[in-house]
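**Q** For reference, the structure I am asking about is given below.
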Amino acid sequence: DMPTRCTELPRKSTRERHPPDRYQASFVCQVNTEPSNFNEIKLYPAKDQVAWQEAMNRELKSLRDLEVYEDVKLPPGEHAIGCKWVYKIKTGVDGTVTHKARLVAQGFVQSDRDYDEVFAPSLRANTL
């Protein structure tokens, strides 16, 4: 005798699905509190505005110390490549919060005739 197969599918649960409560605290920690552009900093409390300004000043000082950035007067008829600030909040292992700012060039707007003037410093292996 051969057993009969059940062709009836299991019924679908009518219970509402939701993530476990233990994940809610994790979600709160993942909320982005970093500004996405320079103008957004004005919407932050004064304490954070000062921290972001100090981070930008540190970045500009670092770029000038490394001699990869300087303010120059643009010759007539030339176009400058734009730049954008990128902001990050870093938390150390001891829980200290550090505001970081990076100035990045918008190289995608560079025209064909400007490619000869690219400067990208790099190290030789023997200097390390």
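Numbering (the UniProt record's numbering), first residue to last: 1 to 128.
The beta-carbon is built from N, C-alpha and C at its ideal position, and this holds for glycine as well.
Since the model is a prediction, treat every value here as computed from it, not as a measurement.
#1: Can you list, in chain order, the residues of its chain whose CB lies under 8 Å from that of E54, leaving out five sequence neighbours each side?
#2: Using CA atoms only, rank isn't needed, just tell me which of R17, T7, Q106 and R102 is closest to L60.
#3: With a Cβ-Cβ cutoff of 9 Å, do G82 and A105 count as a contact?
#4: In terms of DSSP beta bridges, what is H99 paired with?
#5: Pull up the distance between the alpha-carbon of I89 and that of R11, whole angstroms please.
#6: So the candidates are G107, I41, T96 and P75; which of them puts its Cα closest to the Cα of Y87?
#7: Is it buried or exposed, P35, if we count other Cβ atoms within 10 angstroms and call 16 or more buried?
#8: Out of V72, S13 and T33, which one is the CA nearest neighbour of W52?
**A** For this structure:
#1: Cβ within range, chain order: H99.
#2: Nearest C-alpha to L60 among R17, T7, Q106 and R102: R102.
#3: Going by C-beta atoms, G82 is nearer than 9 Å to A105.
#4: DSSP lists I89 as the beta-bridge partner residues of H99.
#5: Between the alpha carbons of I89 and R11 lies a distance of about 48 Å.
#6: With distances taken between Cα atoms, Y87 lies closest to I41.
#7: Buried, by the Cβ-count rule.
#8: The residue with the shortest Cα to Cα distance from W52 is T33.
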